[in-house]
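Just remember that this note's numbering sits 37 ahead of the position in the sequence shown, which is counted from 1. Report on the structure given below.
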Amino acid sequence: MSSQLADFTARLLTRNGALVEHHHDEIVAVMPPALAAELDVAEYQRLAFDRRTAGPLALVVDYDSPLVERFGRVVETLGRIACAPSPPVALKAIDPEEVVTRAITLTNGIIRDCRAETGRARYVGFLVQFELLADERISGMTEVWVNHTTRSVPRLEGLVTRLLSSREGTADATAEVAASDDVRGIVADAWATGGAVARGQVENRLHDAIASLRRRRERDFTRLREYYEAIDEEIRRRARRALMKKDEAAVKAETSRLEATAQAFRGRVAELVDRYRVRVRLEPLAATICTLPVHHVTARIFRRSASRTIAVAWNVIDRALELPACDGCGTGVSTATLCDDRVHLLCSRCQGDCETCGRSYCRACHTRCPRQHR
Ligand SMILES: [Zn+2]
Ligand SMILES: [Zn+2]
Ligand SMILES: [Zn+2]
38 MSSQLADFTA
48 RLLTRNGALV
58 EHHHDEIVAV
68 MPPALAAELD
78 VAEYQRLAFD
88 RRTAGPLALV
98 VDYDSPLVER
108 FGRVVETLGR
118 IACAPSPPVA
128 LKAIDPEEVV
138 TRAITLTNGI
148 IRDCRAETGR
158 ARYVGFLVQF
168 ELLADERISG
178 MTEVWVNHTT
188 RSVPRLEGLV
198 TRLLSSREGT
208 ADATAEVAAS
218 DDVRGIVADA
228 WATGGAVARG
238 QVENRLHDAI
248 ASLRRRRERD
258 FTRLREYYEA
268 IDEEIRRRAR
278 RALMKKDEAA
288 VKAETSRLEA
298 TAQAFRGRVA
308 ELVDRYRVRV
318 RLEPLAATIC
328 TLPVHHVTAR
338 IFRRSASRTI
348 AVAWNVIDRA
358 LELPACDGCG
368 TGVSTATLCD
378 DRVHLLCSRC
388 QGDCETCGRS
398 YCRACHTRCP
408 RQHR
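Here it is, written out as structure tokens:
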């Protein structure tokens with residue numbers, strides 16, 4: 038079976054009680070009456086996934102088919118969380134010093150005492166639907182993974198598909214999640230980090246769209262300002278003339294016209310800001326929990342006389358050190374700045390300048406600028 042859609046269809050039907058037989062590029066399904074009724078197909082149904090080779094009796098299924106739309110009803114009843122067995126991959130030895138210094142750069146501190154110890158770490162992967170709501174709408178899907186054990190940020194995109202479609206993983210998938218584990222709790226906890234990571238990823242991906250939006254907003258704002266400035270200028274000219282003529286009634290009329298114009302301008306600006314407001318909405322659709330063999334890597338980071346130990350992981354799938362999470366926002370950082378007070382590890386945004394006074398501060402220590410603004 039070549040196509041992903043064919044594979045998905047066969048699994049979905051089998052899972053819901055159908056007998057499925059593969060026949061060249063087509064599948065033949067014998068479905069329980071309830072399932073057939075739900076999907077609005079015959080109980081004995083031949084399905085083809087390529088219009089060019091489809092036999093006369095087959096129902097052709099592609100991503101635009103009404104049948105795929107109806108799959109939604111069946112999928113809705115499935116769970117949203119899967120526990121996947123870890124893939125059979127061997128862990129090779131690493132040089133902790135080397136992997137740490139290659140992956141992490143500190144702009145104002147040093148790293149020492151890198152150590153590694155083999156172990157296992159629990160990962161949670163999320164399939165996230167995103168939507169950019171602005172004057173245009175852009176939507177799509179992204180996959181993010183969270184290391185629930187060390188909280189470092191792995192790059193495991195594609196692992197969900199690999200885990201869920203691997204045929205070798207027929208062993209008890211839930212074996213690595215103990216019965217006492219609160220699966221929902223684990224997923225909710227991981228989403229606190231995963232949501233932040235997904236947001237960063239999506240904003241990166243939509244960077245061009247967001248930049249173009251800002252450009253259009255600037256352009257519209259300039260037009261609007263020029264338009265109202267011209268009106269304003271004209272009214273002022275008339276007001277000056279009225280003043281010279283000492284025509285008080287006219288002065289009063291022009292003054293109130295000036296106020297009305299300013300108010301209209303403010304109203305239009307508010308509309309503009311609203312029209313171009315960037316809202317990114319994220320919705321986690323499904324989560325996969327998986328345990329992987331890792332090297333638990335620790336290192337000591339020094340800022341002046343203060344120091345702190347950080348823990349990250351090196352996993353078997355992407356064969357690289359996972360990035361430590363920024364203490365301010367949770368996204369992975371390769372070039373980090375340390376804060377003076379508590380040696381927080383920060384991305385450039387979380388040690389950025391205050392918009393009001395222009396001085397930088399740690400977003401992990403302070404939710405807002407600690408300095409007094411006049
Ligand atoms: Zn940050
Ligand atoms: Zn400030
Ligand atoms: Zn700090």
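Each residue gets a CB set at the ideal place from its N, CA and C atoms; glycine is no exception. Everything numeric in this text was worked out from a predicted model, so none of it was measured.
Item: Delimiting residues of the beta strand (DSSP E) encompassing V165; Value: I147 to L170
Item: Exposure label - G398; buried when at least 16 CB within 10 Å; Value: Checking the displayed sequence, the identity of residue 398 turns out to be Tyr instead of Gly. Burial call: buried.
Item: Cβ separation of E75 and V97, assumed to be a contact under 8 Å, to the nearest whole Å; Value: Actually they do not touch by this definition, with Cβ atoms about 20 Å apart.
Item: Of the listed residues L382, R400 and R379, nearest to G389 (C-alpha basis); Value: R400
Item: H244 - DSSP class collapsed to helix/strand/coil; Value: helix
Item: Given 8 Å, three or more beta-carbon pairs between the stretch 321 to 338 and the stretch 129 to 146; Value: yes
Item: Residues near C366 by beta carbon distance below 6 Å, same chain, minus five either side; Value: A233 and C387
Item: According to DSSP, residues forming a beta bridge with M178; Value: Q166
Item: Nearest-angstrom beta carbon gap, V315 and A171 [assumed within contact, 8 Å]; Value: 6 Å
Item: Exposure label - T51; buried when at least 16 CB within 10 Å; Value: exposed
Item: Beta-carbon proximity check, W228 vs F163, cutoff 9 Å; Value: yes
Item: Span separating the alpha-carbon of R273 from that of A297; Value: 13 Å
Item: Through-space distance from E180 to E240, alpha-carbon basis; Value: 14 Å
Item: Reduced DSSP secondary structure (H/G/I, E/B, other) of P330; Value: strand
Item: P361 beta carbon less than 9 Å from that of V353; Value: no
Item: For V370, three-class secondary structure by DSSP; Value: coil
Item: Whether A158 touches V331 by CB criterion (9 Å); Value: yes
Item: Cα-Cα separation, S123 to N145; Value: 38 Å
Item: Which residues DSSP lists as bridging L76, in chain order; Value: Partner(s): none; L76 has no beta bridge.
Item: Closer than 8 Å: T142 CB and nearest ligand 1 heavy atom; Value: no
Item: Distance cut 6 Å, beta-carbon to ligand 1 heavy atom: residue list by chain order; Value: C363, G365, C366, T368, L383, C384, R386 and C387
Item: Residue list, Cβ distance to ligand 2 heavy atoms smaller than 6 Å; Value: C391, T393, C394, R396, C406, R408 and H410
Item: 3-residue-minimum beta strand (DSSP E) runs that sit fully inside the stretch 338 to 391, ordered along the chain; Value: 343 to 352 and 372 to 375
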